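Novice:
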Amino acid sequence: MITVLYFARLREELGTGSERLALPRAVRDLEGLRAHLIARGGAWAEALGANKAVRAAVNQSIASGDVPISDGDEVAFFPPVTGG
Amino acid sequence: MITVLYFARLREELGTGSERLALPRAVRDLEGLRAHLIARGGAWAEALGANKAVRAAVNQSIASGDVPISDGDEVAFFPPVTGG
Amino acid sequence: MTVRVQTEDFDVGAEIAALRRANPKIGAVASFVGVVRDVNAGDAVAGMTLEHYPGMTEKSIEEIVAQARVRWSIYDALVIHRVGTLKPADQIVLVIVTSSHRGDAFAACEFIMDYLKTRAPFWKKEKTSAGARWVDARVTDDLAAERWRLKG
Amino acid sequence: MTVRVQTEDFDVGAEIAALRRANPKIGAVASFVGVVRDVNAGDAVAGMTLEHYPGMTEKSIEEIVAQARVRWSIYDALVIHRVGTLKPADQIVLVIVTSSHRGDAFAACEFIMDYLKTRAPFWKKEKTSAGARWVDARVTDDLAAERWRLKG
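Protein chains in written order, with my numbering: chain A, 1228 to 1311; chain B, 1228 to 1311; chain C, 9 to 160; chain D, 9 to 160.
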């Protein structure tokens, strides 16, 4: 199982802030996980689509698409940050 | 008459913070005034000598040696500033 | 190094005084306060809500401050970032850096702010007359953070 | 713009709050506090006396702030510089700059400090175990002020 978190605009568009997910065997890295979620269609395809500015973190560190995902990881998807 | 002010190390070395001075006819500019004061000899030659880092202001604006001096001016000599 | 994420307001003067008390060698204190503006992108702003990623927020800010410590000679740094509901003129963020000399204090303080804007997981949602909207990231913020990669 | 030369201490938090109250458009407040260090040039410092040139001091600081206003987009600036007898850990100088954006606030605040160090007529005399001595001007301060001539 992995934990997937969604923040800000993504959280609203997806209607959820977090989920527990059995890691699909085909998913090796962050890009693979994003593709898996997009394949759900609807709001998922819309909010996480390649044309959207989506950032991600794996275990609370900013991560790029080739960062591997494994069981027990905490993954987060969110828009570019706007604090300060 | 002009007013001449001395600050910090210069004030101490010269033993005075200010004086009123009849502007000598030969003194046209700041460099001329400095030479006139050096010609007094003793502490004046020592404190204002060419080998000393001396800054000056004319009418409260930082001035270089070629800035003209005329009757009524306020001239100040002092070491490089060390505030802040 | 202290990092605090909180809903409560903060007292700039008290925080500066606390950092200074800790070390008689401090000669320079640079600080920055970010404030909610009453206008953004041309629209009046009635207030905003700040969301963050608990855990990662503190971790990413600690990393940013650790980077600043490597690059500049500083004694200490404090970062306070508020979350929750804020209104115009409310304080959002405070960064204080202490050092022996002002150059290091200024550089580290601005560096931390620039990275906070681009790396720390905070998101602002504004209330305007046209409704609530998520604030878009600014290209100028990315450029501000990017320039530190080029500098000595 | 406010420039104050005074023997009394100042309250950083109160001064920042006063500047902020004046303008709801402020989004960024950069500030700097200079503090008396307990050591200089390797010697323990027991205290210092700050002398200045009344009249020229205020005039030169107002010119420095006016230059900052021309170069950056800022709302307001406050400079307080203490004179008289100070001891280690006492505050010497305060510069606060308010702006819409942090980049302008940081740059103007550091610019004002760098010029204060090299252009404003203040002189420090330190009390050390080796007796009282006038502090020498630092080449690094001249360089810090000089670099602003090259920058955009």
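C-beta: ideal position from N, C-alpha, C; glycine also. Source: prediction; values computed, not measured.
With a threshold of 8 angstroms between beta carbons, is A:Arg1247 in contact with chain C?
Specialist: The residue labelled residue 1247 of chain A in the question sits at position 20 within the first sequence. Taking Cβ atoms only, chain C never reaches closer than 8 angstroms to A:Arg1247, which makes this a no.
Novice: Go ahead and label C:Gln99 buried or exposed: buried means 16 or more other beta carbons lie within 10 angstroms of its beta carbon, across all protein chains shown.
Specialist: Locating residue 99 of chain C in the third sequence gives position 91, counting from the first residue. C:Gln99 should be labelled buried.
Novice: For C:Ile88, which three-state DSSP category applies?
Specialist: Taking the third sequence and counting its residues from 1, one reaches residue 88 of chain C at position 80. Correct three-state label for C:Ile88: strand.
Novice: Work out the CA separation of D:Ser108 and D:Ala115 for me, nearest whole Å.
Specialist: For this step, residue 115 of chain D is matched to residue 107 along the fourth sequence. For this step, residue 108 of chain D is matched to residue 100 along the fourth sequence. Those two C-alpha atoms are separated by around 13 angstroms.
Novice: For C:Tyr61 and A:Phe1234, which I take to be in contact (beta-carbon distance under 8 angstroms), what is that distance rounded to the nearest angstrom?
Specialist: Walking along the third sequence from the start, residue 61 of chain C turns up at place 53. Walking along the first sequence from the start, residue 1234 of chain A turns up at place 7. At roughly 6 angstroms, the Cβ-Cβ gap stays under 8 angstroms, so C:Tyr61 and A:Phe1234 are in contact.
Novice: Taking 8 angstroms as the threshold (C-beta atoms), are A:Leu1250 and A:Ala1270 in contact?
Specialist: The residue you call residue 1270 of chain A lines up with position 43 of the first sequence. The residue you call residue 1250 of chain A lines up with position 23 of the first sequence. No.
Novice: Just to check my reading of the structure: A:Asp1298 and A:Ile1229 have Cβ atoms closer than 8 angstroms, yes? What is that Cβ distance to the nearest angstrom?
Specialist: Taking the first residue of the first sequence as 1, we reach residue 1298 of chain A at position 71. Taking the first residue of the first sequence as 1, we reach residue 1229 of chain A at position 2. The Cβ separation is near 7 angstroms, so the contact holds.
Novice: Going along chain D, which residues have a C-beta under 8 angstroms from C:Asp84?
Specialist: Residue 84 of chain C sits at position 76 when you count from the first residue of the third sequence. Ordered by position in chain D, no residue passes the 8 angstroms Cβ test against C:Asp84, which lies about 13 angstroms from the chain.
Novice: When the distance is taken between beta carbons, is C:Trp156 closer than 8 angstroms to A:Val1308?
Specialist: Sequence index remark: in the first sequence, residue 1308 of chain A carries index 81 (1-based). Sequence index remark: in the third sequence, residue 156 of chain C carries index 148 (1-based). No, the pair does not count as a contact, with Cβ atoms beyond the cut-off.
Novice: Roughly how far, in whole angstroms, is the beta-carbon of D:Ala85 from the beta-carbon of D:Phe119, given that I think they are within contact range, below 8 angstroms?
Specialist: For the purposes of this step, residue 85 of chain D is taken as residue 77 along the fourth sequence, with counting starting at 1. For the purposes of this step, residue 119 of chain D is taken as residue 111 along the fourth sequence, with counting starting at 1. D:Ala85 to D:Phe119, Cβ: 10 angstroms. No contact.
Novice: Can you name the residues of chain C whose CB is closer than 9 angstroms to the CB of D:Gly42?
Specialist: Sequence index remark: in the fourth sequence, residue 42 of chain D carries index 34 (1-based). The contacting residues are Gly35, Ala36, Val37 and Arg110.
Novice: Does DSSP put C:Asp98 in a helix, a strand or coil?
Specialist: Numbered from its first residue, the third sequence carries residue 98 of chain C at position 90. In this structure, C:Asp98 counts as coil in the three-state DSSP scheme.
Novice: Figure out for me which residue from C:Gly55, C:Glu70 and C:Asp150 has the closest Cα to the Cα of C:Trp142.
Specialist: Working through the third sequence from its first residue, we reach residue 142 of chain C at position 134. Checked all of C:Gly55, C:Glu70 and C:Asp150; the closest Cα to C:Trp142 is C:Gly55.
Novice: Below 6 angstroms CB to CB, which residues in the same chain sit around C:Val87 once its five sequence neighbours on both sides are set aside?
Specialist: Stepping through the third sequence from its first residue, residue 87 of chain C is reached at position 79. Closer than 6 angstroms at Cβ, skipping near neighbours: Val11, Ile69 and Val103.
Novice: According to the Cβ coordinates, are C:Val44 and C:Pro96 closer than 8 angstroms?
Specialist: As a first step, residue 44 of chain C must be located in the third sequence, where it is residue number 36. As a first step, residue 96 of chain C must be located in the third sequence, where it is residue number 88. It is a contact, given that the beta carbons lie within the stated cut-off.
Novice: Compare the C-beta of C:Ile69 against all C-beta atoms of chain D and say whether one is closer than 8 angstroms.
Specialist: Taking the first residue of the third sequence as position 1, residue 69 of chain C is located at position 61. It does not; no Cβ of chain D falls within 8 angstroms.
Novice: Quick check: what's the CA-CA separation for D:Pro7 versus C:Val13?
Specialist: Given a span of 9 to 160 for chain D in the structure shown, any question on residue 7 of chain D remains unanswerable.
Novice: Is there a Cβ of chain B sitting closer than 8 angstroms to that of D:Glu59, yes or no?
Specialist: Position 51 of the fourth sequence, counting from 1, holds the residue named residue 59 of chain D. By this cut-off, D:Glu59 is an interface position.
Novice: Report the three-state DSSP secondary structure of A:Tyr1233 (helix, strand or coil).
Specialist: Residue 1233 of chain A sits at position 6 when you count from the first residue of the first sequence. A:Tyr1233 falls in the strand class under three-state DSSP.
Novice: Classify A:Leu1275: buried if its beta carbon has 16 or more other beta carbons within 10 angstroms, exposed otherwise.
Specialist: Position 48 of the first sequence, counted from the start, is the residue given in the question as residue 1275 of chain A. Classification for A:Leu1275: buried.
Novice: Say whether chain B places a C-beta atom closer than 8 angstroms to the C-beta of D:Trp142.
Specialist: Reading the fourth sequence from its first residue, position 134 is the one you call residue 142 of chain D. Interface residue, yes.
Novice: Count the other C-beta atoms from every protein chain shown that fall within 10 angstroms of the C-beta of C:Arg29, then say buried if there are 16 or more, exposed otherwise.
Specialist: As a first step, residue 29 of chain C is located in the third sequence; it is residue number 21 there, counting from the start. Classification for C:Arg29: exposed.
Novice: Output needed for B:Leu1237: all residues of its chain with C-beta closer than 8 angstroms, excluding positions within five of it in sequence on either side, in chain order.
Specialist: Indexing the second sequence from 1 puts residue 1237 of chain B at position 10. Contacts found: Ala1274, Leu1275, Val1281, Phe1304, Phe1305 and Pro1306.
Novice: Around the C-beta of D:Lys125, are 16 or more other C-beta atoms found within 10 angstroms, so that it is buried, or is it exposed?
Specialist: For the purposes of this step, residue 125 of chain D is identified with residue 117 of the fourth sequence, where counting begins at 1. The residue is buried, with at least 16 neighbouring Cβ atoms inside 10 Å.
Novice: Could you round the C-beta distance between A:Leu1257 and A:Gly1244 to whole angstroms and report it? I think they count as a contact, below 8 angstroms.
Specialist: On the first sequence, position 30 is the one that residue 1257 of chain A refers to. On the first sequence, position 17 is the one that residue 1244 of chain A refers to. So it is not a contact: roughly 19 angstroms between Cβ atoms.
Novice: By Cβ distance below 8 angstroms, which residues in the same chain neighbour B:Arg1261 in space, the five residues on each side in sequence not counted?
Specialist: Residue mapping note: residue 1261 of chain B aligns to position 34 of the second sequence, counting from 1. Result list for B:Arg1261: Leu1275, Val1281, Ala1283, Gly1292 and Phe1304, in chain order.
Novice: Output needed in chain order: residues of the stretch 1278 to 1304 of chain A with a Cβ under 8 angstroms from some Cβ in chain C.
Specialist: Cβ contacts with chain C come from Ala1280, Ala1284, Gln1287, Ser1288, Ile1289 and Ala1303.
Novice: With C:Val2 as the anchor, note down where its beta strand (DSSP E) starts and where it stops.
Specialist: This structure cannot speak to residue 2 of chain C, because chain C is shown only from 9 to 160.
Novice: Do we get a CB-CB distance below 8 angstroms when we pair C:Met121 with the residues of chain D?
Specialist: Here residue 121 of chain C is taken as the residue at index 113 of the third sequence, counted from 1. Answer yes: the Cβ-Cβ gap between C:Met121 and chain D drops below 8 angstroms somewhere.
Novice: Who pairs with C:Val53 in a beta bridge, going by DSSP?
Specialist: Here residue 53 of chain C refers to the residue found at position 45 when the third sequence is read from its first residue. DSSP lists C:Thr136 as partners of C:Val53.
Novice: Under a CB-based cut-off of 8 angstroms, is C:Gly63 close to chain A?
Specialist: Your numbering for residue 63 of chain C matches position 55 in the third sequence. Chain A, which has a Cβ nearer than 8 angstroms to the Cβ of C:Gly63, makes this yes.
Novice: Which partner residues does A:Asp1256 have in the DSSP bridge list?
Specialist: Position 29 of the first sequence, counting from 1, holds the residue named residue 1256 of chain A. A:Pro1295, per the DSSP bridge assignment.
Novice: Taking buried to mean at least 16 other C-beta atoms within 10 Å of its own C-beta, is A:Gly1310 buried or exposed?
Specialist: Working through the first sequence from its first residue, we reach residue 1310 of chain A at position 83. It counts as buried.
Novice: Residues bridged to D:Val105 by DSSP?
Specialist: Residue mapping note: residue 105 of chain D aligns to position 97 of the fourth sequence, counting from 1. BP columns for D:Val105 point to D:Ala38 and D:Ala85.
Novice: What is the DSSP secondary structure of C:Arg146, counted as helix, strand or coil?
Specialist: As a first step, residue 146 of chain C must be located in the third sequence, where it is residue number 138. In the structure shown, C:Arg146 sits in coil (DSSP, three-state: anything other than H, G, I, E or B).
Novice: Using the beta-carbon count (16 or more within 10 Å), is C:Asp51 buried or exposed?
Specialist: Locating residue 51 of chain C in the third sequence gives position 43, counting from the first residue. Burial call: exposed.
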